[in-house]
Amino acid sequence: MTVDAGAVIAAYYRAFNAGDADGMLALLADDVEHHVNEGGIRHGKALFAEFCSHMGVSYRETLTDIVIFAAPDGTRAAAEFTVNGEYLQTDPGLPEAKGQRYILPAGTFFALRDGLITRVTTYYNLSDWVKQVSAA
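For the sequence shown, the UniProt record's numbering gives the first residue as 1, with consecutive numbering after it.
The structure is reproduced here in structure tokens:
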């Protein structure tokens, strides 16, 4: 049976926008790989959960203008969106957080297996983000 990858990704982003990390985690395979923009690869749900926890403390983000692209066989998908955020707590190695707001185009590539997300690879322009939060 072919899974509707677009529906899985839409549910993932609904959970993201609701601040529902558990909802996001429920859509991930146990062996998920999280490829971080300009960073390493996190392996497994536990590390993804830690990432979500950290993000929830340091940033408040809502995604808008989400457009989802999905392969007909249900194994791959991608999404393009706008990140509307607020920088709440300083992340090590980044500018000081003072509640700065930012708007950033971004995109994510996904791999899926048996209706669960096995890879999340997100890209955005870190230089643009640094420029926005440093100017505020």
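Don't be surprised by glycine CBs; every beta carbon is placed ideally from N, CA and C.
The structure displayed is predicted, hence computed values, not measured ones.
Quick check on residue i: buried or exposed, where buried means 16 or more other Cβ atoms within 10 Å of its Cβ?
i           : result
residue 177 : In the structure displayed, the chain extends from 1 to 136; residue 177 sits before or after that span and is not available.
Thr-108     : buried
Glu-8       : A small fix is needed here, since residue 8 is Val in this sequence, not Glu. Label assigned to Val-8: buried.
Gly-85      : buried
Please report the residue range of the beta strand (DSSP E) in which residue i lies.
i      : result
Ala-79 : 76-87
Val-32 : 28-35
According to DSSP, is residue i part of a helix, a strand, or is it coil?
i       : result
Leu-104 : strand
Val-8   : helix
Leu-94  : coil
Leu-47  : helix
Val-57  : helix
Ala-18  : coil
Return the first residue and the last residue of the alpha helix (DSSP H) that residue i is part of.
i           : result
Val-130     : 126-135
Gly-40      : First-last for Gly-40: undefined, no H or E at that position.
residue 159 : What the structure shows of the chain is the stretch from 1 to 136, and residue 159 is not part of that stretch, so it cannot be assessed.
Assuming the contact rule is C-beta atoms closer than 8 Å, residue i and residue j should be a hit. Round their C-beta distance to whole Å, please.
i      : j       : result
Met-24 : Ala-15  : 5 Å
Thr-90 : Ile-103 : So it is not a contact: roughly 20 Å between Cβ atoms.
Between residue i and chain D, is any beta-carbon pair separated by less than 8 Å?
i       : result
Asp-128 : Protein chains in the displayed structure number just one, and chain D is not present.
### Task
For the segment 91-110 and the segment 119-136, state whether three or more C-beta atom pairs, one from each stretch, are separated by less than 8 Å.
They touch, by the three-pair rule.
### Query
Given 8 Å as the limit, is there contact between the segment 53-62 and the segment 37-45, that is, 3 or more CB pairs closer than that?
Taking a cut-off of 8 Å on C-beta distances, the segment 53-62 does not touch the segment 37-45, as fewer than three cross pairs fall below it.
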